[in-house]
Amino acid sequence: MIVVIGSINMDLVLRVPRMPLPGETLTGGAFRTIPGGKGANQAVACARLGHAPVAMIGCLGDDAFGHTLRAALVADGIDVSHVAALPGVASGIASILVDANGQNSIVIAGGANDLLSPAHIDAALPLLQRASVVVLQLETPLATIAHAVNLAHCLGKTVVLNPAPAASLPAAVLAQVDYLIPNEIEAAMLLGASASAPAEPRDQAAALRSSGCRNVLVTLGAKGVHAALESGSQDFPAHAVEALDTTAAGDTFIGGFVAALAVGADAAAAIGQGQRAAAIGVTRAGAQTSIPYLHEL
Ligand code: RIB
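Using the working numbering, the first residue of the sequence shown is number 18, and each one after it goes up by one.
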């Protein structure tokens, strides 16, 4: 079983010809609400791109978005028995602008996601005990993530951490991560802003490995992935596609990667599956609406 611990958002999406300047009003395209959130997107990608059962631990509000977001997870066969509905709290939302090049700009209001606590993680212990892989991101409170990483590591699970949005993390957390999957900006944030901090993905990955993570995959968008693995370092060029919308591309990569890992693929094969999935995902609009199914790869 794959257990994903993280955020669940309703994405409020507008396409724009270009990003607005400060103080400027632009006319956008049609407004859409699309299920998203890094945690939920990664859970959906794990479910669509593999055969292992998937469960999610997270928090929703008891509002209309919460009902829709829960239904979206259930529709993908995800176990939501540990997705709490918190009374009197708003579900998380993300306000997303997507420009003509498919690049996005995202602002989040965490809502219920900000209330995911160590007690929610402890209550899901039976689920975690059944997991082979536990996947986390940084859209829920850091204290809860640190608690969950420690618990999953102590239970002997494979811990996959996507440090997004960018934040610095305690060394003790990094030392318990089996696969750390940052993009270049997140890698730079983890390594700190000193003049001596490495800027090249290869050096970033090596530096993060020496800080204790067993394997580091630095995702580089259209430039592919640089992987610093226990078995050695390797560059994985991306598939060349015309991007319509890059929202959730990283989540789709991670879901494809974890889904393959959970059924016994080696890291290189799992990276290949993640890349094929993300290449398809960026040709489609939205977060969960863009994530492909295994048969499409
Ligand atoms: O990674 C993409 C996701 O980031 C969006 O779905 C949005 O909800 C934000 O969490």
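Note that beta-carbon positions come from the ideal geometry of N, C-alpha and C, so glycine has one too.
- Residue environment: residue 206 is assigned as buried (16 or more neighbouring CB atoms within 10 Å of its CB, all protein chains considered).
- For residue 54, the Cβ falls inside the 6 Å cut-off from some heavy atom of the ligand RIB.
- As DSSP reads the structure, residue 46 sits in no beta bridge.
- Per DSSP, the beta-bridge partners of residue 22 are 74, 153.
- Per DSSP, residue 109 is not a residue of any alpha helix (DSSP H); the beta strand (DSSP E) it occupies stretches across 109-115.
- Of the residues assessed, residue 25 falls on the buried side of the cut-off, its CB having 16 or more other CB atoms within 10 angstroms.
- Runs of the alpha helix (DSSP H) spanning 4 or more residues and lying entirely within the segment 180-265 occur at 188-191, 201-208, 218-227, in chain order.
- Annotation for residue 287: 274, 277, 278 place their beta carbon closer than 7 Å to its own, counting only its chain and skipping 5 residues before and after.
- Remark: C-beta atoms of residue 22 and residue 95 do not approach each other more closely than 7 Å.
- If you check the C-beta of residue 295 against the ligand RIB, you find no heavy atom less than 6 Å away.
- Remark: C-beta atoms of residue 133 and residue 157 approach each other more closely than 7 Å.
- Between residue 178 and the set 172, 189, 166, 188, the nearest pair of CA atoms involves 166.
- For residue 125, the enclosing beta strand (DSSP E) has its first and last residue at 121-126.
- For residue 230 and residue 46, the gap between their C-alpha atoms comes out near 43 Å.
- In the displayed model, residue 175 falls within a strand according to three-state DSSP.
- For residue 69, there is no enclosing beta strand (DSSP E), as DSSP marks it with neither H nor E.
- No heavy atom of the ligand RIB is found nearer than 6 Å to the CB of residue 107.
- Not one heavy atom of the ligand RIB sits closer than 6 Å to the Cβ of residue 200.
- Between the alpha carbons of residue 308 and residue 295 lies a gap of roughly 8 Å.
- Segment contact: the segment 29-45 against the segment 58-73, fewer than three CB-CB distances shorter than 8 Å; contact not assigned.
- Shown here, residue 163 sits in a helix according to DSSP, grouped into three states.
- Across the set 105, 138, 199, the C-alpha of 199 shows the shortest separation from the C-alpha of residue 242.
- For residue 312, no beta strand (DSSP E) encloses it, and the DSSP letter there is neither H nor E.
- Listed in chain order, the non-local C-beta contacts of residue 114 below 7 Å within the same chain comprise 31, 33, 36, 121, 122, local neighbours out to five positions each way being set aside.
- Contact between residue 97 and residue 91 holds: their C-beta atoms lie close to 6 Å from each other, under 8 Å.
- Between the alpha carbons of residue 217 and residue 104 lies a gap of roughly 46 Å.
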